[in-house]
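Residue numbers (my numbering): 117 to 297.
Reviewing the structure listed below.
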Amino acid sequence: MGRRYDPERRQRIIDAAIRVVARDGVAGLSHRRVAAEADVPLGSTSYHFASRDDLLVAALGQVSDEWLATVERWVEAVDPDLPLGEEVVRFVTDSLSGDRTRARLEYELYLAALHHPGLRPIAAGCLDALTELLRRRTGDAARARALTVLLDGLMLQLLLTDRPVVPAEVRALVDGLAAPV
Numbered sequence: 117m118g119r120r121y122d123p124e125r126r127q128r129i130i131d132a133a134i135r136v137v138a139r140d141g142v143a144g145l146s147h148r149r150v151a152a153e154a155d156v157p158l159g160s161t162s163y164h165f166a167s168r169d170d171l172l173v174a175a176l177g178q179v180s181d182e183w184l185a186t187v188e189r190w191v192e193a194v195d196p197d198l199p200l201g202e203e204v205v206r207f208v209t210d211s212l213s214g215d216r217t218r219a220r221l222e223y224e225l226y227l228a229a230l231h232h233p234g235l236r237p238i239a240a241g242c243l244d245a246l247t248e249l250l251r252r253r254t255g256d257a258a259r260a261r262a263l264t265v266l267l268d269g270l271m272l273q274l275l276l277t278d279r280p281v282v283p284a285e286v287r288a289l290v291d292g293l294a295a296p297v
């Protein structure tokens, strides 16, 4: 009996890799764990992804695309009559309220680029895309870049410390970007 073609297998493997990283961290990612999670033969993972880094690139690429789609929806929904600080508070609160598993996964993969050069273009592209989305909202490239740095650092610190989002602090940080030095 010949092999059946499974057009969804590659995607199932990527989804499984994302679940493995969410559960076990980047250090826990292996072809064997991904194959077990995806319920596919071990050879399927190495057929579609020759190396562990290839699995990481695919996982980060998908997570990055999904995150940017979320950010784009947020930017499109921003109320131009509200101060940007209010909208940033909403974004950070929505991103980090309740279960932070998804946000931890996003940062786990993003920070993996420090040790995996193949991930760096995806991580950099994600930051550039975020900056461009914010530039469209603010009309100012420098302020958009500063907001990107602020959001990135703030969310990472809140994840690392497991502290709650304090809206007044977020608002003050965003407002501080507009204040003269």
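Don't be surprised by glycine CBs; every beta carbon is placed ideally from N, CA and C.
From the options, residue whose alpha carbon lies closest to that of residue i
{"i": "threonine 217", "options": "Arg128, Asp140, Pro123, Ile130", "result": "Asp140"}
{"i": "serine 167", "options": "Val156, Gln178, Asp181, His147", "result": "His147"}
{"i": "glutamate 224", "options": "Val136, Ala258, Asp155, Ala193", "result": "Val136"}
{"i": "threonine 254", "options": "Trp183, Leu172, Val204", "result": "Val204"}
{"i": "arginine 126", "options": "Val142, Ala219, Ala154", "result": "Ala154"}
Inter-residue Cα distance where the pair is residue i and residue j
{"i": "arginine 149", "j": "glycine 159", "result": "12 Å"}
{"i": "leucine 198", "j": "aspartate 256", "result": "17 Å"}
{"i": "arginine 251", "j": "tyrosine 121", "result": "45 Å"}
{"i": "glutamine 178", "j": "leucine 246", "result": "16 Å"}
{"i": "proline 237", "j": "alanine 174", "result": "12 Å"}
{"i": "alanine 260", "j": "proline 157", "result": "46 Å"}
{"i": "alanine 294", "j": "alanine 284", "result": "16 Å"}
{"i": "glycine 241", "j": "glycine 269", "result": "17 Å"}
Residue i in three-state terms, based on DSSP
{"i": "proline 237", "result": "helix"}
{"i": "phenylalanine 207", "result": "helix"}
{"i": "glycine 118", "result": "With a pLDDT of 47 at glycine 118, under the threshold of 50, the modelled position of this residue cannot be trusted, and the question is left open."}
Beta-carbon separation (whole angstroms), residue i vs residue j, contact threshold 8 Å
{"i": "valine 208", "j": "valine 286", "result": "5 Å"}
{"i": "leucine 176", "j": "leucine 243", "result": "Not really, about 13 Å apart at Cβ, beyond 8 Å."}
Cβ-based burial, residue i [other Cβ within 10 Å; buried from 16]
{"i": "leucine 274", "result": "buried"}
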